[in-house]
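**Q** The structure is given below, and queries will be raised subsequently.
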Amino acid sequence: MPALLRTFLTSIRRSLPAILSVAVALAAWEIYVLVSGISALVLPAPSRVIGQIAANRALLWANTLPTLQATLTGFAFSLSLAFTLSVLIDFVPRLRRALFPVFVISQTLPLVAIAPLVVLWFGFGLTPKILLVALVTFFPMLIALVDGYESTEPEIEALLASMGASRAGIFRRARFPSAMPYFFGGLRISITYAVVAAIFAEYVGARSGLGIVILNAKNSFRPDLMLAAVVISSALTLALFGATALLQWLVLGWRQAGAVR
Amino acid sequence: MSALELSHIGLSLGGTPVLDDVSMHVASGEFVSILGPSGCGKSSLLRLLIRALQPDRGEILVGGALLEESPPAFAFMPQRDALMPWRRIIDNVILGLEVQGVRPAAARARVRPLFATFGLDGFEQHYPAQLSGGMRQRAALMRTIVQDRPVQLLDEPFGALDALTRTEMQRWLERRWQHARWTTVLVTHDVREAVALSDRIYVLSPRPARIIAEFAVPDRRPRLGRTLSPEAVRLEAALLDTLLTPTGDRS
Ligand SMILES: Nc1ncnc2c1ncn2[C@@H]1O[C@H](COP(=O)(O)OP(=O)(O)O)[C@@H](O)[C@H]1O
Ligand SMILES: [Mg+2]
Numbered sequence: 002m003p004a005l006l007r008t009f010l011t012s013i014r015r016s017l018p019a020i021l022s023v024a025v026a027l028a029a030w031e032i033y034v035l036v037s038g039i040s041a042l043v044l045p046a047p048s049r050v051i052g053q054i055a056a057n058r059a060l061l062w063a064n065t066l067p068t069l070q071a072t073l074t075g076f077a078f079s080l081s082l083a084f085t086l087s088v089l090i091d092f093v094p095r096l097r098r099a100l101f102p103v104f105v106i107s108q109t110l111p112l113v114a115i116a117p118l119v120v121l122w123f124g125f126g127l128t129p130k131i132l133l134v135a136l137v138t139f140f141p142m143l144i145a146l147v148d149g150y151e152s153t154e155p156e157i158e159a160l161l162a163s164m165g166a167s168r169a170g171i172f173r174r175a176r177f178p179s180a181m182p183y184f185f186g187g188l189r190i191s192i193t194y195a196v197v198a199a200i201f202a203e204y205v206g207a208r209s210g211l212g213i214v215i216l217n218a219k220n221s222f223r224p225d226l227m228l229a230a231v232v233i234s235s236a237l238t239l240a241l242f243g244a245t246a247l248l249q250w251l252v253l254g255w256r257q258a259g260a261v262r
Numbered sequence: 027m028s029a030l031e032l033s034h035i036g037l038s039l040g041g042t043p044v045l046d047d048v049s050m051h052v053a054s055g056e057f058v059s060i061l062g063p064s065g066c067g068k069s070s071l072l073r074l075l076i077r078a079l080q081p082d083r084g085e086i087l088v089g090g091a092l093l094e095e096s097p098p099a100f101a102f103m104p105q106r107d108a109l110m111p112w113r114r115i116i117d118n119v120i121l122g123l124e125v126q127g128v129r130p131a132a133a134r135a136r137v138r139p140l141f142a143t144f145g146l147d148g149f150e151q152h153y154p155a156q157l158s159g160g161m162r163q164r165a166a167l168m169r170t171i172v173q174d175r176p177v178q179l180l181d182e183p184f185g186a187l188d189a190l191t192r193t194e195m196q197r198w199l200e201r202r203w204q205h206a207r208w209t210t211v212l213v214t215h216d217v218r219e220a221v222a223l224s225d226r227i228y229v230l231s232p233r234p235a236r237i238i239a240e241f242a243v244p245d246r247r248p249r250l251g252r253t254l255s256p257e258a259v260r261l262e263a264a265l266l267d268t269l270l271t272p273t274g275d276r277s
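So this is what it looks like as structure tokens:
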């Protein structure tokens, strides 16, 4: 797929300034640590953090997998729930008024209080992580879908009705596709929240995961290992973000077609 | 027998009277225009026919049967083209057939030969955003025609086009119509367009709309691209007069 390759190369070229500014910041950091002679127990140099990633790669890898699993499972759970409810709300508008206040309140709960409770109730396994990821990502996805359905052009709906389409037919042929740009907008934001929520859940209580690596490193005064885990979690988030962008590019190909003319 | 007959239709929307006693008829194979100022209720009238709205008073007969009891009779072209931006042109064109239950592959095969006629040859796989305004309008018209319904309802199909493209599209529609003789109801506020394309013209008053005049167009077709006959010129003047002094006492 040469078009895909071209898009990829273009995005590399576009991100050059960003890569450059990050490199400059890292260099400044490295030089500061070198010149000031500050202890690695307070501020480790970037080179030391990278060294830690290499030295602890087995540990980091073993703990990245549970975080990735929690993120993806929790997000998949949240997505299926958001989609099912969005469809129900679309067909039974009264549900919207009944349910939205509950969801809005769920978004006001401070995670620092909820996370320990959820761990208390569901233990140190996968379940609390899934629930916390879902709590953070469910509402943004539901809003994206419901708003997306509402963005459907009324003329397109009238047209379908004039052709004899049922309400379900109108949903499938017009309302659902109209929601796709909104859906992907929500997806890109939510996937980054999902990783943060999974790590936070682990930090509060779990058997394994990047959150646990960060917790243990903190307790043994190892900022270099903490930062190594942070680098890995950022890389994980960026990879998932990139995957959603790719998916959007594949599904919403018609938008590129429009832009080219 | 009339393809379509409206008698004494009254309609209010949100407490506002929009249509006030509208009666008209359309014969099979006839091209009828409904001419009226913006906001007088032309689109609402079409929405009654596609049953997106219910009249408060009056009766609509389709091929002699009550609208509610007759099989689907109308192919509707909304005021904006309403092409789905995520569907390729050919998949937009087959939308009505798909809703009728025709399999997409069969529907595509059925409409493909028509692309040349509609000046869209080679654009089957394009997305609507890649087409010019005139081409999009032709695609929307094609989507209307291929449904093969007894009556075509066109709501200001060329209203959003620039003057040159509009003229080009009107000429094109005139030629197509002379070939095919689709029973057509055209809604417009453009006097020229109504005179150029119609067999008969109904003129609506401002809201609440009543029919204040009915004219038959005497000229022979094709009318566009030639000098209008003196009768047609007089008709244009009379229509403009009726629209500008909408008391209805001219007819
Ligand atoms: N839901 C509604 N409630 C109240 N007034 C409406 C509603 N829909 C349309 N109208 C009014 O009805 C009139 C006719 O609208 P429309 O049929 O779209 O006019 P036209 O197509 O002739 O420009 C307009 O003046 C509009 O403001
Ligand atoms: Mg209108």
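The listed protein sequences correspond, in order, to chains A and B. Residue numbers for the first sequence follow this note's numbering, beginning at 2 and rising by one. Residue numbers for the second sequence follow this note's numbering, beginning at 27 and rising by one. Virtual Cβ for every residue (Gly too), placed ideally from N, Cα, C.
(1) Where in the segment 212-260 of chain B do unbroken runs of the alpha helix (DSSP H), each at least 4 residues long, occur, reported from the N-terminal end onward?
(2) Any idea if A:Trp62 is buried or exposed, counting beta-carbon neighbours within 10 angstroms, 16 or more meaning buried?
(3) Taking the CB atoms as reference points, tell me whether B:Arg282 and B:Trp198 lie closer together than 9 Å.
(4) Could you please tell me which residues of the segment 153-164 of chain A, in chain order, have their CB closer than 8 Å to any CB of chain B?
(5) Return the CA-CA distance between A:Pro233 and A:Leu10, expressed in angstroms with no decimal places.
(6) List the whole-angstrom C-beta distance separating A:Phe125 from A:Gly206, where the pair is believed to meet the contact cut-off of C-beta under 8 Å.
(7) Taking DSSP's pairing of strands, which residues face A:Phe185 in a bridge?
(8) Just the chain B side, please: which residues come within less than 8 Å of A:Gly170 by C-beta, in chain order?
(9) By a C-beta neighbour count over all protein chains shown, 10 Å radius and 16 as the cutoff for buried, is B:Asp181 buried or exposed?
(10) Do you know offhand how far B:Ala235's Cα is from B:Leu32's?
(11) Check whether chain B comes within 9 Å of A:Trp255, counting only Cβ atoms and requiring the distance to be less than that.
(12) Less than 7 Å between C-beta atoms, sequence neighbours within five positions excluded: which residues of the same chain meet that for B:Ser64?
(13) So, for A:Gln249: in the same chain, excluding its five sequence neighbours on each side, which residues have a beta-carbon less than 7 Å away from its beta-carbon?
(14) Is B:Asp46 helix, strand or coil by DSSP?
(15) Determine whether the beta carbon atoms of A:Ala230 and A:Asn64 lie at a separation below 9 Å.
(16) Quick one: residues in its chain with C-beta nearer than 6 Å to the C-beta of B:Leu269, no 5 flanking neighbours on either side, listed in chain order?
(17) CA-CA distance, A:Leu96 and B:Gly122?
(18) Could you check whether the Cβ of B:Glu280 sits closer than 8 Å to any heavy atom belonging to ligand 2?
(19) Under 8 Å, with one C-beta from each stretch per pair, do the segment 124-143 of chain A and the segment 71-87 of chain A reach the 3-pair mark?
(20) Below 7 Å on C-beta distance, what does B:Ala108 contact in chain A?
(21) Measure the CB-CB distance between B:Leu230 and B:Glu219 and report whether it falls below 9 Å.
(22) Would a check of beta-carbon distances place A:Arg262 closer than 9 Å to chain B?
(23) Using 8 Å as the cut-off, classify the Cβ of B:Leu212 as near or not near the heavy atoms of ligand 1, replying yes or no.
(24) Below 9 Å between beta carbons: does that hold for B:Thr210 and B:Val58?
(25) In whole angstroms, what is the alpha-carbon distance linking B:Val259 and B:Thr253?
(26) What do you get for A:Arg262, buried or exposed, if any count of 16 or more other CB atoms within 10 angstroms of its CB means buried?
(27) Does the Cβ of B:Pro154 have 16 or more other Cβ atoms within 10 Å, making it buried, or fewer, making it exposed?
(28) Can we count B:Thr271 as close to ligand 1, meaning its CB is less than 8 Å from some heavy atom?
(29) Starting from A:Phe140, follow the alpha helix (DSSP H) in both directions and report where the run begins and ends.
(30) Do three or more CB pairs link the segment 85-101 of chain A to the segment 140-149 of chain A at distances below 8 Å?
(31) Name the chain A residues whose beta carbon is nearer than 8 Å to that of B:Gln105?
(32) One question on the structure: do B:Leu30 and B:Val48 come within less than 9 Å of each other, judged by their Cβ atoms?
(33) Rounded to the nearest angstrom, what separates A:Thr74 and A:Pro129 at their Cα positions?
(34) Taking Cβ positions only, does A:Arg174 come closer than 9 Å to chain B?
(35) From B:Arg77 to A:Ser163, what distance separates their C-alpha atoms?
(36) Quick check: the Cα distance between B:Arg247 and B:Ser255, rounded to an integer number of angstroms?
**A** According to the structure shown:
(1) 217-223
(2) exposed
(3) Given that chain B is displayed from residue 27 to residue 277, the structure contains no residue 282 of chain B and the question cannot be resolved.
(4) Glu154, Glu156, Ile157, Ala159, Leu160, Leu161, Ala162, Ser163 and Met164
(5) In the sequence as displayed, the identity of residue 233 of chain A is Ile instead of Pro. Roughly 24 Å separates the two Cα atoms.
(6) 6 Å
(7) BP columns for A:Phe185 are empty, so no partner.
(8) Val125
(9) buried
(10) 14 Å
(11) yes
(12) His215
(13) Phe185
(14) strand
(15) yes
(16) none
(17) 32 Å
(18) Residue 280 of chain B lies beyond the range of chain B shown here (27 to 277); nothing can be said about it.
(19) yes
(20) Glu154, Glu156, Ile157 and Leu160
(21) no
(22) Bear in mind that the predicted position of A:Arg262 carries a pLDDT of just 42, short of 50, making it unreliable; the figure below should be weighed with that in mind. Output row for A:Arg262: interface = yes.
(23) no
(24) yes
(25) 9 Å
(26) Bear in mind that a pLDDT of 42 at A:Arg262, under 50, signals an unreliable position, so the model cannot answer this.
(27) buried
(28) no
(29) Leu127 to Glu151
(30) yes
(31) Glu156
(32) no
(33) 11 Å
(34) yes
(35) 8 Å
(36) 11 Å
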